[in-house]
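This report concerns only the one structure given below.
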Amino acid sequence: MNILAIDTSNQVLGIALIKNNELIAELITNLNKDHSSRLMPAIVEIMEKTELKPEMLDKIIVANGPGSYTGTRIGVTTAKTLAWTLNIPIYTVSSLATVAMNGVFFDGYICPFFDARRKSVFTGLYKWENKQLNVVKKETNIDMMTWLESLKEINDHILFLSPHIHSFQDMITSSLVKNASIPSGSIHLPRPSNLVMLSEQIKESSVHLVSPNYLRITEAESNLLIQQKDEHSHG
Amino acid sequence: MKKDHIILGIETSCDETAVAIIKNGKEIMSNVVSSQIESHKRFGGVVPEIASRHHVEQITVVLEEAFRQAELSWDEINAIAVTEGPGLVGALLIGINAAKALSFAKSKPLIGVHHIAGHIYANRLKTEFEFPLLALIVSGGHTELVLMKDHGTYTLIGETLDDAAGEAYDKIARSLGLPYPGGPQIDRLAHTGEVTIDFPRAWLGDESFDFSFSGLKSAVINYIHNKKQKEEKISKEDIAASFQASVVDVLTEKTFKAAQKYDVKQVIVAGGVAANKGLRKSLVDKFSTTTIPVLIPPIELCTDNAAMIAAAASIQYERQQFAPWDLNGKPSLQLT
Ligand SMILES: [Zn+2]
Chain A
2 MNILAIDTSN QVLGIALIKN NELIAELITN LNKDHSSRLM PAIVEIMEKT
52 ELKPEMLDKI IVANGPGSYT GTRIGVTTAK TLAWTLNIPI YTVSSLATVA
102 MNGVFFDGYI CPFFDARRKS VFTGLYKWEN KQLNVVKKET NIDMMTWLES
152 LKEINDHILF LSPHIHSFQD MITSSLVKNA SIPSGSIHLP RPSNLVMLSE
202 QIKESSVHLV SPNYLRITEA ESNLLIQQKD EHSHG
Chain B
36 MKKDHIILGI ETSCDETAVA IIKNGKEIMS NVVSSQIESH KRFGGVVPEI
86 ASRHHVEQIT VVLEEAFRQA ELSWDEINAI AVTEGPGLVG ALLIGINAAK
136 ALSFAKSKPL IGVHHIAGHI YANRLKTEFE FPLLALIVSG GHTELVLMKD
186 HGTYTLIGET LDDAAGEAYD KIARSLGLPY PGGPQIDRLA HTGEVTIDFP
236 RAWLGDESFD FSFSGLKSAV INYIHNKKQK EEKISKEDIA ASFQASVVDV
286 LTEKTFKAAQ KYDVKQVIVA GGVAANKGLR KSLVDKFSTT TIPVLIPPIE
336 LCTDNAAMIA AAASIQYERQ QFAPWDLNGK PSLQLT
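Going down the list, the sequences are from chains A and B.
In this text, residue positions in the first sequence follow our numbering: the first is 2, and each later residue adds one.
In this text, residue positions in the second sequence follow our numbering: the first is 36, and each later residue adds one.
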């Protein structure tokens, strides 16, 4: 069983290859460069290194957001087209869960998040229990202050994990959240091999229906909604 | 005799998700277009982020339909072609990454195609080219005159200095309160109206093959505005007819002059505005006194499609001009 896992939903470009339940290759770059020109060369390289041919793949797993819209689409488009062409199953895994998985043995809650601009974040709350990662608070796009406010009732430890931790560190430590743990180092970066473990918890997706989980409608749509509301209240 | 080749083409540069399979650059085996027009209508224009979202949702569905219609297996496909630019970058990336995945999965060479080259080659699906030829490209994003001395070589001899013709159509349509997309609406109204208003025509000098539509656009908008202020009645039909006459006159005259100057064997019309009845008639009438044939593709090949992309790629396939794995979307790619 050969599995290819892809994550381009944030700045990290990650690819992992699993052969017979063993991680045989993992590639991560954390560079401010475009994913579109670099993803396929990276896949080709990792496949050559591991001496695998495309037709030897049995399963594709992709991180489908939330995260950068364009970045997520690049990974998702590549993954679903590969799965469709090779006629193999595809699994989609939350990009937040992929980061949360880095806290797998943490005794307490895990809060992964991504910067969603204007002080808002994509986030959710997780807990590792009964040998799996469980969702405690559903993934959402929320103002970080409001989110932290909602966490203050929790008496247990909370592990904050995010590639954007630096932008929010002060906000977290000065909030009313008790027992916030903020580790340092590369533990904040999503690892593509995490996708494989997470995919074991979920069902296969129907390839034509695979698309990013944006967690947010487009700006054009929200502007239109505001405009319609305005017209309604004035009209 | 050359060996047959079959190319799968993908086009996602704007708001159509399209896949086609073409034999030898001329024969359509399948041509599938999934239009998003309904999703963008309520915004009065294409919203790039929404276009990208739809492309991801549609891409494998459209691929599957193209294969079903062509009744082909992967073994019979020789190459994968995709629009690399110009266009909306986020939208281009969907086609490009899908094309790379297909190319990698099935070990087929990858070909990056210029969108405008595609529009030109849409004509080759109907009539074989004879060089030199002159191509008039008119769409929402382009107004260009291109001279071709051979396959795959393009010399830009004229272009718009401001708005594209299609862009002017859309803006005038909006000022008249017509639904999006406005081009076909104006074309329809123009047929029932009369040319009663003398809107400006930008000739930009005798020797120039460049275009300008912003002056005309302002003149029409001012006209509508003034009439409204004076609470005078306007005839949308007459405005449409007068505006269209102004656009079509300039396009026809410049194309005619360029065709004579470069002594071309064919004139090709390409792009979304090539579907415009007024323009089609004017060009055909003007050239009827000459021996130069005017080639205009059927409507479904004028608007964005992937058949034209695979058709243009055929020349690159024969010349073994393949793209590397780092092929990327180029929103303002030049035609050279
Ligand atoms: Zn076009």
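Even for Gly, the Cβ is constructed at its ideal location relative to N, Cα and C.
Under DSSP, the beta strand (DSSP E) around Ala-305/B begins and ends at which residues?
As a working note, residue 305/B is residue 270 in the second sequence. Ala-305/B -> beta strand (DSSP E) spans 301 to 305.
Selected residue, minimal CA-CA separation from Glu-201/A, among Met-57/A, Leu-28/A and Ile-61/A
Here residue 201/A corresponds to residue number 200 of the first sequence, with the count starting at 1. The residue among Met-57/A, Leu-28/A and Ile-61/A with its C-alpha nearest the C-alpha of Glu-201/A is Ile-61/A.
Only counting the same chain, and skipping five residues up and downstream in sequence, which positions put a Cβ closer than 6 Å to that of Ser-176/A?
On the first sequence, position 175 is the one that residue 176/A refers to. Cβ contact annotation for Ser-176/A (same chain, cutoff 6 Å, sequence separation greater than five): Leu-149, in chain order.
Strictly under 9 Å for the Cβ-Cβ distance: is Ile-4/A near chain B by that measure?
Taking the first sequence and counting its residues from 1, the one referred to as residue 4/A is at position 3. No, Ile-4/A lies away from the interface with chain B (no Cβ there is under 9 Å from its Cβ).
Contact check, Ile-112/B vs Gly-306/B, beta carbons under 9 Å
Working through the second sequence from its first residue, we reach residue 112/B at position 77. Working through the second sequence from its first residue, we reach residue 306/B at position 271. The answer is no: Cβ separation not under 9 Å.
With a threshold of 16 other CB atoms inside 10 Å of the CB of Lys-76/B, please say whether the residue is buried or exposed.
For the purposes of this step, residue 76/B is taken as residue 41 along the second sequence, with counting starting at 1. With fewer than 16 other Cβ atoms from the protein chains shown falling within 10 Å of its own Cβ, Lys-76/B counts as exposed.
Roughly how many whole angstroms lie between the Cα atoms of Phe-78/B and Ser-223/A?
Within the second sequence, residue 78/B is the residue found at index 43, counting from 1. Within the first sequence, residue 223/A is the residue found at index 222, counting from 1. If you take the alpha carbons of Phe-78/B and Ser-223/A, they lie about 11 Å apart.
Name the two residues that bound the continuous beta strand (DSSP E) containing Gly-15/A.
Counted from its first residue, the first sequence places residue 15/A at position 14. Unbroken beta strand (DSSP E) run through Gly-15/A: 13 to 20.
From Asp-233/B, Glu-106/B and Gly-147/B, residue whose alpha carbon lies closest to that of Phe-357/B
By 1-based counting over the second sequence, the position of residue 357/B is 322. Comparing Cα-Cα distances from Phe-357/B to each of Asp-233/B, Glu-106/B and Gly-147/B, the minimum goes to Gly-147/B.
Nearest-angstrom Cβ-Cβ length linking Leu-18/A and Leu-53/A, presumed shorter than 8 Å
Here the question's residue 18/A lines up with position 17 in the first sequence. Here the question's residue 53/A lines up with position 52 in the first sequence. So it is a contact: roughly 7 Å between Cβ atoms.
State the Cα-Cα distance for the pair Ser-65/B and Met-343/B, rounded to the nearest angstrom.
Locating residue 65/B in the second sequence gives position 30, where the first residue counts as 1. Locating residue 343/B in the second sequence gives position 308, where the first residue counts as 1. Their backbone Cα atoms lie some 12 Å apart in a straight line.
In chain order, what residues of the segment 121 to 143 of chain B put their CB closer than 7 Å to some CB of chain C?
In the structure shown, chain C cannot be found, because the protein chains are A and B.
Contacting positions in the segment 54 to 85 of chain B - beta carbon closer than 7 Å to chain A:
Result list: Arg-77, Phe-78, Val-82, Glu-84 and Ile-85.
Establish whether the CB of Ile-221/B and some CB of chain A are separated by less than 9 Å.
On the second sequence, position 186 is the one that residue 221/B refers to. Not an interface residue.
Under a Cβ-count criterion, where at least 16 other Cβ atoms within 10 Å of its own Cβ denotes burial, should Val-67/B be classed as buried or exposed?
Counting from 1 along the second sequence, the entry for residue 67/B is found at position 32. With 16 or more Cβ atoms within 10 Å of its Cβ, Val-67/B is classed as buried.
Just to make sure I have the definition right: I need the residues of chain A whose C-beta is within less than 9 Å of the C-beta of Ser-4/B. Which are they?
Lying outside 36 to 371, the shown extent of chain B, residue 4/B is not represented and no answer is given.
Using a Cβ cut-off of 9 Å (strictly closer), state whether Thr-95/B contacts chain A.
Taking the first residue of the second sequence as position 1, residue 95/B is located at position 60. It does; some Cβ of chain A falls within 9 Å.
Decide if the segment 226 to 236 of chain B is in contact with the segment 179 to 186 of chain B; the criterion is three or more beta carbon pairs, one per stretch, under 8 Å apart.
Result no; under three Cβ-Cβ pairs closer than 8 Å.
Contact defined as beta carbons within less than 8 Å: I believe Pro-213/A pairs with Arg-74/A. What is the distance between those atoms, to the nearest angstrom?
Within the first sequence, numbered from 1, the residue matching residue 213/A stands at position 212. Within the first sequence, numbered from 1, the residue matching residue 74/A stands at position 73. In this structure Pro-213/A is in contact with Arg-74/A, their Cβ atoms being roughly 6 Å apart against a cut-off of 8 Å.
Taking CB distances under 9 Å as the criterion, tell me whether Trp-238/B reaches chain A.
Position 203 of the second sequence, counted from the start, is the residue given in the question as residue 238/B. No, Trp-238/B lies away from the interface with chain A (no Cβ there is under 9 Å from its Cβ).
Can you tell me whether Pro-121/B is buried or exposed, with buried defined as 16 or more other CB within 10 angstroms of its CB?
The residue labelled residue 121/B in the question sits at position 86 within the second sequence. Pro-121/B comes out buried.
Considering only residues of the same chain and omitting the five flanking positions on each side of Thr-287/B, which have a CB-CB separation below 6 Å?
As a working note, residue 287/B is residue 252 in the second sequence. The residues are Ser-317, Leu-318 and Lys-321.
What residue from Ala-101/A, Trp-85/A and Ile-91/A has the CA that sits closest to Ala-133/B's CA?
For this step, residue 133/B is matched to residue 98 along the second sequence. Minimum Cα distance to Ala-133/B is reached at Trp-85/A.
Please report the distance separating the alpha-carbon of Lys-312/B from that of Leu-145/B.
Numbered from 1 along the second sequence, position 277 holds the residue referred to as residue 312/B. Numbered from 1 along the second sequence, position 110 holds the residue referred to as residue 145/B. Going by C-alpha positions, Lys-312/B is about 37 Å away from Leu-145/B.
May I ask you to check if the CB of Ser-37/A is nearer than 8 Å to at least one heavy atom of ligand 1?
Here residue 37/A is taken as the residue at index 36 of the first sequence, counted from 1. Shortest gap from the CB of Ser-37/A to any heavy atom of ligand 1: 8 Å or more.
May I ask you to report which of helix, strand or coil DSSP gives Lys-321/B?
For the purposes of this step, residue 321/B is taken as the residue at position 286 of the second sequence. Helix at Lys-321/B.
Within the continuous beta strand (DSSP E) that includes Gln-351/B, where are the two ends?
Residue 351/B sits at position 316 when you count from the first residue of the second sequence. From DSSP, Gln-351/B is part of no beta strand (DSSP E) but of the alpha helix (DSSP H) over 342 to 353.
Contact between the segment 88 to 104 of chain B and the segment 216 to 228 of chain B: three or more CB pairs below 8 Å?
These segments do not touch.
Going by CA-CA distance only, name the one from Leu-370/B, Gln-369/B, Asp-361/B and Leu-368/B that's closest to Lys-34/A.
Locating residue 34/A in the first sequence gives position 33, where the first residue counts as 1. With distances taken between Cα atoms, Lys-34/A lies closest to Asp-361/B.
Leaving out the 5 sequence neighbours to the left and right, which residues in its chain are closer than 7 Å to Asp-284/B when beta-carbon positions are compared?
To locate residue 284/B, count along the second sequence from 1; it is residue 249. These residues qualify, in order along the chain: Arg-236.
Along chain B, which residues have their Cβ under 8 Å away from the Cβ of Asp-35/A?
In the first sequence, counting from the first residue as 1, residue 35/A sits at position 34. Residues of chain B with a Cβ closer than 8 Å to the Cβ of Asp-35/A are, in chain order, Asn-363.
Listing by chain order, which chain A residues have their CB less than 9 Å from the CB of Leu-224/B?
Residue 224/B sits at position 189 when you count from the first residue of the second sequence. Neighbours of Leu-224/B on chain A: none; closest Cβ ~27 Å, over 9 Å.
Taking 9 Å as the threshold (C-beta atoms), are Ile-188/A and Gly-104/A in contact?
Position 103 of the first sequence, counted from the start, is the residue given in the question as residue 104/A. Position 187 of the first sequence, counted from the start, is the residue given in the question as residue 188/A. Closer than 9 Å, so yes.
Span of the alpha helix (DSSP H), counted from its first residue to its last, around Met-172/A
Taking the first residue of the first sequence as position 1, residue 172/A is located at position 171. Residues 166 to 174.
Please report the straight-line C-alpha distance between Thr-188/B and Thr-371/B, rounded to a whole angstrom.
Sequence index remark: in the second sequence, residue 188/B carries index 153 (1-based). Sequence index remark: in the second sequence, residue 371/B carries index 336 (1-based). The straight-line gap separating the alpha-carbon atoms of Thr-188/B and Thr-371/B is approximately 7 Å.
In chain order, which beta strand (DSSP E) runs of at least 3 residues are fully inside the segment 70 to 127 of chain B?
Runs found: 114 to 120.
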